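First comes the structure, then the notes that go with it.
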Amino acid sequence: MKSAVVLFAVIGISLGAFVEVPLTKIMTLRERLIRQGKWQEYSEQQKAARSTGSQTVKDYNDVAYVGTVTLGTPAQSFDVILDTGSANLWVVDSTCNTDACNGNAARTKKKYNAGSSSTYSNDGRDWSIQYGTGSASGKLAVDKLCMAGLCFNTQIFGRASNIAAFFKTQPVDGILGLGWPALAVDHVQPPFQNLMASLDAPLFTVWLDVKGPVNGAIGGLFTYGALDTKNCQMNTVKYATLTSQTYWQFAITGVSVGSYSSNSVQSVISDTGTSFIGGPGGQIKSIGDALSATYNSQYGLYLVPCNSKNLPALSFMIDTSGSTSFPIPASEYVVDVGFNNGQCALAFFDMGSIGFGPAWILGDPWIRTYCNVYDVGKARVGFAVANH
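If you use my numbering, the sequence shown corresponds to residues 40 to 427, in order.
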């Protein structure tokens with residue numbers, strides 16, 4: 040299938056003491072590889088990498104939304120994954136000429152050129168981040184970072200001279216981590232922590248909209264420094280206290296759907312860099328069984344007819360000063376990933392037996408249903424019903 044060209048026209052709008060960064064919807068790597076018949080080979084490589092890893096790995100095969108930032112003077116523009124599941128900023132560097140760094144015919148990578156920036160300075164340290172199927176590495180640098188007109192003059196970031204092969208076909212130039220400083224490689228201060236002093240409030244709100252195999256559409260909004268009262272029903276917001284200031288991690292007290300329910304207390308993270316919901320394999324199987332889904336081992340997904348409109352909501356119980364049920368409707372977790380045979384996927388995946396770290400990752404189906412408020416100042420995350 041001819042690759043779709045992703046057009047990035049993401050322009051941040053400055054609003055004084057808070058800023059808004061629109062998000063562009065892209066086709067995920069999972070969707071693309073399913074269409075190309077290459078997903079099984081790729082997923083087997085992922086499993087092999089996970090089995091030898093010494094830390095929780097972060098794969099970006101399910102990324103569905105990106106935003107734009109600039110680095111340097113004059114400004115050099117980059118389309119990056121805005122990722123609450125990591126805490127470092129890096130972009131492809133002009134010194135990298137591998138296939139992965141160059142991209143493909145559908146979309147070549149934008150590369151940072153230190154020699155073209157009058158505000159660049161060399162940090163000198165090496166950096167490296169490990170992912171499920173490879174890594175990104177290079178040298179640390181210091182330069183001016185801007186998001187929607189909000190700037191910080193001395194942001195430390197990675198100039199990537201090597202990136203994993205799986206980034207080649209992804210229409211992105213890097214990653215901007217929005218996790219906590221303790222999660223950052225090399226103890227680098229994350230971008231949001233550097234920008235907070237210029238904002239009305241030390242928080243940001245995420246609203247996601249478009250789902251499915253759509254490319255190039257404006258599909259959401261990051262609001263830095265304020266609550267998003269236009270796209271989110273803030274009169275419904277409820278907050279959960281963080282259990283760890285690394286990821287945006289909190290606790291659930293149960294999960295249920297149809298005939299299945301569990302009352303286990305488990306750690307979860309809210310993650311804008313994942314388009315599905317990940318959980319323990321046994322529970323994902325139980326959820327699939329409760330929804331009468333058919334497991335497809337080739338794709339590692341549970342399948343249901345795309346016209347399944349009467350499936351029950353999947354609910355997470357969260358302690359928000361009292362146990363609160365947060366249902367996710369079937370319209371958000373039944374996803375067309377491109378089988379073209381009337382079958383759709385349940386947007387759940389088995390996180391594997393890592394043995395440490397969070398038990399669940401709440402990705403895009405969760406954040407499309409509930410705007411997430413990432414409150415750095417009060418170390419909490421809030422959930423408000425999203426408008427669509």
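Each residue gets a CB set at the ideal place from its N, CA and C atoms; glycine is no exception. Owing to the predicted nature of the structure, the values given are computational and were not obtained by experimental measurement.
A contact is defined here as three or more CB-CB pairs under 8 Å, and the region 290-306 fails this definition with respect to the region 374-387. For the region 265-298, the continuous beta strand (DSSP E) assignments of 3+ residues that do not extend past its boundaries occur at 271-280 and 287-296, in sequence order. In the three-state scheme derived from DSSP, where H, G and I count as helix and E and B as strand, PRO366 is classed as strand.
The alpha-carbon separation between ARG407 and SER300 amounts to approximately 23 Å. Beta bridge pairing from DSSP links ILE323 with no other residue.
In terms of Cα proximity to GLY321, the closest of HIS226, MET390 and VAL276 is MET390. Distance from ASP358 to ALA279 at the Cβ level is roughly 6 Å; contact confirmed, criterion being Cβ atoms closer than 8 Å. Taking C-alpha positions only, MET235 is separated from VAL374 by approximately 36 Å. Linking GLN288 to LEU401 through their CA atoms gives a straight-line distance of about 10 Å. CA-CA distance, ALA223 to SER156, rounds to 25 Å. Selection ASP225, ASN380 and ALA187 evaluated against LEU238 yields ALA187 as nearest (Cα-Cα).
Note: TRP129 is bridge-paired with GLY197 and ILE214 in the DSSP secondary-structure output. According to the DSSP assignment, TRP246 belongs to the beta strand (DSSP E) that extends over 242-247. In the three-state reduction of the DSSP assignment, ASN233 falls in the helix class. In the three-state reduction of the DSSP assignment, CYS190 falls in the strand class, which pools E and B.
With respect to the 8 Å criterion, ALA425 and TYR409 are classified as neighbours on the basis of their beta carbons. Looking only at VAL227, ALA352 and ALA203, the smallest Cα-Cα distance to SER370 is reached by ALA352. In the structure shown, GLY154 adopts helical secondary structure according to DSSP, grouped into three states. Taken through DSSP and simplified to helix, strand or coil, VAL374 comes out as strand. Taking C-beta separations shorter than 6 Å and ignoring five residues to either side along the sequence, the partners of LEU62 in its chain run TYR104, GLY106, GLY258 and GLY259, following chain order. Just measuring C-alpha positions, the residue of THR275, PRO220, THR311 and ALA139 sitting nearest SER364 is THR275. Collapsing the DSSP output to three states places ALA332 in coil. TYR341 and LEU189 have their C-alpha atoms roughly 43 Å apart. Per the DSSP secondary-structure output, PHE205 pairs with nothing in a beta bridge. Excluding five sequence positions before and after CYS345, the CB atoms of its chain that fall closer than 8 Å to its own CB belong to VAL373, ASP375, GLY381, GLN382 and CYS383, given in chain order.
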